[in-house]
Amino acid sequence: MVALIKRLRENPSLREPHLKPIERYKGLFELRAKAKDGIARSFFVMLQGRKSICYDAL
Numbered sequence: 054m055v056a057l058i059k060r061l062r063e064n065p066s067l068r069e070p071h072l073k074p075i076e077r078y079k080g081l082f083e084l085r086a087k088a089k090d091g092i093a094r095s096f097f098v099m100l101q102g103r104k105s106i107c108y109d110a111l
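The opening residue of the sequence shown carries number 54 in the numbering used here; numbering runs sequentially from there.
Structure (C-alpha cells):
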C-alpha cells in the first residue's frame with residue numbers, strides 16, 4: 054500500500070486497477086493494493102493542491 058501511495062504522489066493520474074473513483078460521491082476514491090495475503094483497500098478524498106484525506110483503510 055505504501056508503494057502505491059508513493060506512485061500516486063508521483064502520478065496523480067493513476068487509474069484502475071489501482072485507483073477507482075466512487076461514482077456516487079464526487080471526489081471519493083478507492084485505492085486497491087494486492088499482496089500475497091489478500092487485498093488492501095483505502096478510501097480517500099482528493100483535495101486541491103494534490104493533498105488527500107484518507108477516511109478508512111481495510
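A virtual CB, placed ideally from N, CA and C, is assigned to each residue, including glycine.
- Query: Ordered along the chain, which non-local residues of its own chain (more than five positions away) have a Cβ less than 6 Å from that of P74?
  - Reply: F82
- Item | Buried/exposed call for L61, threshold 16 Cβ in 10 Å | Looking at its Cβ environment, which holds 16 or more other Cβ atoms inside 10 Å, L61 is buried.
- Item | Through-space distance from R68 to R94, alpha-carbon basis | 14 Å
- Query: For A86, which residues of its own chain have a beta-carbon under 6 Å away from its beta-carbon, when the five flanking residues on both sides are left out?
  - Reply: M54, L57, A93
- Query: In the structure shown, what three-state DSSP assignment does E83 receive?
  - Reply: strand
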